[in-house]
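There are 2 protein chains.
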Amino acid sequence: MDLDLMRELSVSTDSRIVLLVLDGLGGLPMDPFGRTELEAANTPNLDSLAARSDLGLSRPVAAGVSPGSGPGHLALFGYNPLEYEVGRGVLSALGVGFELGENDLAARINFATRDESGKISDRRAGRIANEEASKLVDLLNEDVELDGAEVFITHEKEHRAVAVFRADGLSDALSDSDPQRTGLEPLPVEPADGTGDGAKKSAELANAFIEEANAILADHHPANTVLLRGFGMHPALPRFDEVYKLRAAAIAGYPMYKGLARLAGMEVLKEGEGIAGEFETLKHNWDTFDFFFIHVKATDAAGEDGDFERKSAVIEEADALIPELLDLSSAALAVTGDHATPAKMESHSWHGVPFLLSSEYTLPTSESFGERACAGGSLGVFPAEEIMGLLMGHALKLNRYGA
Amino acid sequence: MDLDLMRELSVSTDSRIVLLVLDGLGGLPMDPFGRTELEAANTPNLDSLAARSDLGLSRPVAAGVSPGSGPGHLALFGYNPLEYEVGRGVLSALGVGFELGENDLAARINFATRDESGKISDRRAGRIANEEASKLVDLLNEDVELDGAEVFITHEKEHRAVAVFRADGLSDALSDSDPQRTGLEPLPVEPADGTGDGAKKSAELANAFIEEANAILADHHPANTVLLRGFGMHPALPRFDEVYKLRAAAIAGYPMYKGLARLAGMEVLKEGEGIAGEFETLKHNWDTFDFFFIHVKATDAAGEDGDFERKSAVIEEADALIPELLDLSSAALAVTGDHATPAKMESHSWHGVPFLLSSEYTLPTSESFGERACAGGSLGVFPAEEIMGLLMGHALKLNRYGA
């Protein structure tokens, strides 16, 4: 989306926009003659909504490219996911619920095993148990002391944790210490070529951290060292209030999606239990905001598990609650996903994502909501980063361009 | 459109291209289960043409963005409407039929009321009558004398007029004098930051004009001052003959569309009465040009009035005359709009615009011409600025790209 154009044309009005994201909604038939998860699901409410909606298939990043959750959501929020990057360290920090500040430098930590010659013999420290890793994280938080910076370690899962360095003037233009293969020594963290004092200082901090961690972990074989990778700073995303003049709220159960929404300037609301609880939260906050992003994770999880039936069932659960959304009379309501997660592939994929937009001003083309109905819709196949423009237009929140 | 690519590949041939623009052609059903203006119209000729044509839905500017007539037509002529801008003053000058030269600086004028303390008490001078405003325009044209520049004032409607300043080295990097609200003093016209002598000179001219106008209008309360806004110079649009090697002609009833065509280097032909008259003009000039832009305004006017039936009737009127176009055997004929003007919205909108391209080399997909048929057409949903490339290709006026 051309954010400058949005800045120029957007106006604040009373109308409400709802963006309901069923994570990994897009799917595939298990065999070529079959139906997708969405097509197979019994969705009377979404079907009747589709009959009054614009339909299309959205493409999150680029042809053939499977997006991670970060780029998938950045596109939904109108940011070009190739232009605006969120580093892996940042996504991990958001994922553990760390409230990343603008001076914070985040990195992924792997607990690893170093042999007597100093070479890495296991990059995952035997995938140590959560409980054990968690204790080591506590130990690091207590004992590491860096000169001129704070550091916060948060355990993620098994051998994985997140480090956040906090000091003025840091930079993420840094190489990883992870050598990527066993049998090699860890690499020193180094500032990228042509970068300035910030990167130099950050590299020194990271290397000092590794050195202290090595001393603290020396007797904790197999987790006797840490590897750092994916350095990232809080990205400078234009904020929803500034670009779209929207007072935006996010309703999501998982920390990473809350974090992504917070990066875009949304206020994260306390969500209830499950989809029904999320919709309750929506109702309670209807008067306070004019944009709502609602995130449902279970569709993606079922797809990742290769569970076609369960993914359809989650879609049916959402369908049954659609009337609650409709009762709120938003000016523009979109139902879509951030990417496809076909059960057949057990992973995110590059396929088109079903997109439905309901408003007063639609050109309906089908009486059902599904991938093939969307492919023939009035929106055609289109980049996901255009979704915010469409929502703003349908909610009559954009001035005319030119005379 | 990549104009450099067009320059590189275009060849001059004997074949003829016709671009028939039914202004604001795109529409919406009044209720979700109904038909659009075009779908509801009885159009046997367009339907039978559609059955031999490529169909698609074109998008003029960007997702959700409703275009003005300027950007809408720039896109139809192959110019990226976000890259090539036509200032509001320029559009107004074109709209009153002023033949803007390359050194001319245009601005919109509002006659306004200034109270005794010098503050603006009415930005529209009580929307004074056309006759009265017209007299004041004559007065200004007679009495204003600027040092080193000519100025031409043309009345538009009620309190609105257009000023064109003519001198060497002018610039439109100027702020408005219109304070946008009553109770404030008019602002001095100022050159934008970082601009040079041209903007400084232009600002001085504009302020001198306002000062003289104030003296001349002093006794003409409520129209005792003028506000200037929307400064714009003749935009440097690449010309049709240079980019496409086309000898292009425009047939349009309204000054603004004639002016836009002239900006693109088209020759404006004297048009006859109504659509039939325009088609007569086309026939008379068939041998002299190889590209014809024909503009029909009445579809847009009906849409703006919210008159669904009248818009359908205008489409039917055009349909009845389509055989006259077909008799001319153009190599490529497009029937489309510059944007949607759904009667339901009574305004321009962001929706897809039906597009039909007839030539020897088409892949027909439907036996009727309408929004939904176009959404499922062989061209899909596509940017309007690609239309010129399609027309050039279908008329066999583009060389192969690469070996």
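Sequence order for the protein chains is A and B.
Every position in the first sequence, counted from 1, becomes a number in the working numbering once 328 is added.
Every position in the second sequence, counted from 1, becomes a number in the working numbering once 328 is added.
Glycine included, C-beta positions come from ideal geometry on N, C-alpha and C.
What three-state label does DSSP hand residue i in the structure shown?
i	result
B:A315	No answer is possible for residue 315 of chain B: the residues shown for chain B start at 329 and end at 731.
A:G708	strand
B:E595	strand
B:Y762	The structure shown does not extend to residue 762 of chain B, since chain B is modelled only from 329 to 731, so the question has no answer here.
B:A564	coil
B:H401	helix
B:F426	coil
B:H722	helix
B:F636	helix
A:P519	strand
For residue i, which residues from the same chain have a beta carbon less than 8 Å from its beta carbon, with the 5 sequence-adjacent residues on both sides left out?
i	result
A:G415	A434, D500, G558, F559, G560, M561 and P563
A:V681	L353, G354, L385, S386, R387, P388, T664, G665, D666, H667, A668 and A712
B:E478	F493, R494 and A495
B:S449	T441, R442, D443, T510 and G511
B:K447	T510, G511, L512 and E513
A:T523	S499 and A501
A:E486	R452, R455, I456, A457, N458 and A461
Output the boundary residues of the beta strand (DSSP E) element that contains residue i.
i	result
A:F537	From DSSP, A:F537 is part of no beta strand (DSSP E) but of the alpha helix (DSSP H) over D525 to L545.
A:F559	T553 to M561
A:A580	A576 to A580
Am I right that residue i and residue j are in contact with their C-beta atoms under 8 Å? What's the rounded C-beta distance?
i	j	result
A:L474	A:F405	About 34 Å separates the two Cβ atoms, so there is no contact after all.
B:E699	B:T364	5 Å
B:N727	B:L337	5 Å
B:V472	B:E532	About 14 Å; that fails the 8 Å criterion.
A:L383	A:L707	6 Å
B:L724	B:S343	6 Å
B:I622	B:L377	With 8 Å as the limit, B:I622 and B:L377 do not qualify as a contact, their Cβ atoms being about 15 Å apart.
B:S394	B:H676	5 Å
A:A369	A:D647	7 Å
A:V624	A:I650	In fact, because the Cβ distance is near 12 Å, the residues do not count as touching under 8 Å.
A:N542	A:P516	About 13 Å separates the two Cβ atoms, so there is no contact after all.
B:P692	B:R380	6 Å
B:S658	B:V339	Their Cβ separation, rounded to whole angstroms, is 17 Å, which puts B:S658 and B:V339 out of contact at 8 Å.
B:F697	B:L374	4 Å
Determine the chain E residues that contact residue i at a beta-carbon separation under 7 Å, and present them in chain order.
i	result
B:G352	No chain E is part of this structure, whose protein chains are labelled A and B.
Taking 7 Å as the limit between beta carbons, can you name the residues of its chain near residue i, skipping five residues before and five after?
i	result
A:E599	I579, A580, G581, G605, E606 and T609
A:E427	none
A:S397	M584 and D666
A:E652	F607
A:E430	H562
B:T690	R380, S381 and D382
A:G476	A495
Using C-beta distances below 6 Å, list every residue in its chain close to residue i, excluding the 5 sequence neighbours before and after it, in chain order.
i	result
A:D506	L555 and R557
A:F617	R575 and A577
A:H679	G354 and A668
A:K672	L356 and M358
B:G425	P583
B:A626	V642
B:G717	M329
B:R567	G593
Hey, could you find the ends of the alpha helix (DSSP H) residue i is sitting in?
i	result
A:F607	G602 to H612
B:A629	A626 to E632
B:A731	That residue, B:A731, is in no alpha helix (DSSP H); it is neither H nor E in DSSP.
B:E699	E699 to A703
message = Quick check for students: name the residue ranges of the beta strand (DSSP E) that lie wholly in the region 335-397 of chain B, counting only runs of 3 or more.
response = 345-350 and 381-387
* To do: Tell me the start and end of each unbroken alpha helix (DSSP H) in the region 433-508 of chain A that is at least 4 residues and wholly inside, in chain order.
  => 458-471
Practice item. Only counting runs of 3 or more residues, tell me where the beta strand (DSSP E) segments fall wholly within the region 656-695 of chain A, in order along the chain. Key: 660-664 and 681-686
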